[in-house]
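Visitor: The numbers in full-length UniProt numbering rise by one with no breaks, and the one at position 49 of the sequence shown is 49.
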Amino acid sequence: MGWEFGVPAVLIALLAVLIASGKWRWFYIAAVTAPRDVKALSRYVKLLFLVKKYARQNATIADIFAEYVAKQPEKVCFVFEGREWTFREVSDYSNRVANVFHTHGYKHGDVVGLVMENRPEFVGTWLGLSKLGVIIPLINHNLRKNALLHSITVAKCNALVYSEALCEAIGEITESLPSTMALYQFNDAIQQTVLANSKDLATLLQSASKELPTTNVKKASHHDQLLYIYTSGTTGLPKAAVITHSRYL
Numbered sequence: 001m002g003w004e005f006g007v008p009a010v011l012i013a014l015l016a017v018l019i020a021s022g023k024w025r026w027f028y029i030a031a032v033t034a035p036r037d038v039k040a041l042s043r044y045v046k047l048l049f050l051v052k053k054y055a056r057q058n059a060t061i062a063d064i065f066a067e068y069v070a071k072q073p074e075k076v077c078f079v080f081e082g083r084e085w086t087f088r089e090v091s092d093y094s095n096r097v098a099n100v101f102h103t104h105g106y107k108h109g110d111v112v113g114l115v116m117e118n119r120p121e122f123v124g125t126w127l128g129l130s131k132l133g134v135i136i137p138l139i140n141h142n143l144r145k146n147a148l149l150h151s152i153t154v155a156k157c158n159a160l161v162y163s164e165a166l167c168e169a170i171g172e173i174t175e176s177l178p179s180t181m182a183l184y185q186f187n188d189a190i191q192q193t194v195l196a197n198s199k200d201l202a203t204l205l206q207s208a209s210k211e212l213p214t215t216n217v218k219k220a221s222h223h224d225q226l227l228y229i230y231t232s233g234t235t236g237l238p239k240a241a242v243i244t245h246s247r248y249l
């Protein structure tokens, strides 16, 4: 018996064994889920090519966000407390942040901590700082006293940005912070009272340019540090994990 007869016979025998043993269901499930799996694989391959493209371009997260802003500036990026933020508005806000801190002398490699509840300004602030090559520790806004102080000091922050809602928490540790650390308080409105030795960030942002600063700015690279993200600290004080631009993707 030639191979042209032997192969079909083997396949038929194998099929009979699978049916008899009840394992045919595995093939049925595989056939049913194949379209979904093929689509997932296709998207994964596209993602790999995209990641490699950004690596070749030495792109940062700010660069990638700028691409989306250029493509769809008026598309809604965030919805928060009834207000819609478009991609353009988030970009403008982040550029204002970049200009404020650039004017104040912050540069590539500096560390500016951020303690703020989840809101669009939270993203806009770290995105803007990243445009200067600044590293941003994202500090849990639920931390208090020793845990909060540790998270700020262990990152060796040059400055700290905190929201109005965190005034009490920051006030409790102010005397323990390094005297060289600049403090920026973000209020929901301008010309509001801020903690002693803190700068009024909302007022500074109002007068800042919404154009991206380019003079004397050392751009970050694809593999530079972007964020510090902390563990929960269930077995001790919070520990920071380093997130680069490439890893963030």
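Glycine residues also receive a C-beta, built at the ideal position from the N, C-alpha and C atoms.
What does the alpha-carbon distance come out to for the pair residue 124 and residue 231?
Guide: Taking the straight line from one Cα to the other gives about 23 Å.
Visitor: Unbroken alpha helix (DSSP H) runs of length 4 or more, entirely within the segment 140-186: which are they?
Guide: Entirely contained in the segment 140-186, the alpha helix (DSSP H) runs reaching 4 residues are, in chain order, 145-154 and 167-171.
Visitor: Applying the 10 Å Cβ sphere with the 16-neighbour rule, what's the burial state of residue 238?
Guide: Buried, because 16 or more other Cβ atoms sit within 10 Å of the Cβ of residue 238.
Visitor: For residue 118, which of 215, 79, 86 and 178 has the nearest alpha-carbon?
Guide: It is 79.
Visitor: Could you compute how far the alpha carbon of residue 198 sits from the alpha carbon of residue 76?
Guide: Answer to the nearest angstrom: the Cα atoms are 33 Å apart.
Visitor: Residue 115 and residue 91 - do their beta-carbons sit closer together than 7 Å?
Guide: No, they are not a contact pair.
Visitor: Provide the residue(s) that pair with residue 84 in DSSP beta bridges, ordered along the chain.
Guide: Paired residue(s): 79.
Visitor: Of all the options 184, 220 and 48, which has the alpha carbon lying nearest to the alpha carbon of residue 62?
Guide: Nearest of 184, 220 and 48 to residue 62, Cα basis: 220.
Visitor: Quick check on this structure: which residue in 108, 206 and 65 has the alpha carbon closest to the alpha carbon of residue 224?
Guide: Comparing Cα-Cα distances from residue 224 to each of 108, 206 and 65, the minimum goes to 108.
Visitor: Flag this pair as yes or no: are the beta carbons of residue 86 and residue 74 separated by less than 7 Å?
Guide: It is a contact, given that the beta carbons lie within the stated cut-off.
Visitor: State the Cα-Cα distance for the pair residue 169 and residue 195, rounded to the nearest angstrom.
Guide: Cα to Cα, residue 169 sits roughly 11 Å from residue 195.
Visitor: Which residue or residues does DSSP assign as beta-bridge partners of residue 227?
Guide: Answer is 136 and 243, bridged to residue 227.
Visitor: Which first and last residues belong to the alpha helix (DSSP H) in which residue 207 is found?
Guide: Where residue 207 is concerned, there is no enclosing alpha helix (DSSP H), given that its DSSP letter is neither H nor E.
Visitor: Are the CB atoms of residue 100 and residue 204 within a distance shorter than 7 Å?
Guide: Going by C-beta atoms, residue 204 is nearer than 7 Å to residue 100.
Visitor: Sort 192, 147 and 154 by Cα distance to residue 172 and report the nearest one.
Guide: Answer by Cα proximity: 147.
Visitor: Which residue comes first and which comes last in the alpha helix (DSSP H) that contains residue 130?
Guide: Residue 130 -> alpha helix (DSSP H) spans 120-130.
Visitor: From 60, 248 and 156, pick the residue whose C-alpha is nearest to that of residue 139; which is it?
Guide: Nearest option by C-alpha distance: 156.
Visitor: I need the boundaries of the beta strand (DSSP E) containing residue 199, first residue and last residue.
Guide: Here the beta strand (DSSP E) through residue 199 covers 198-200.
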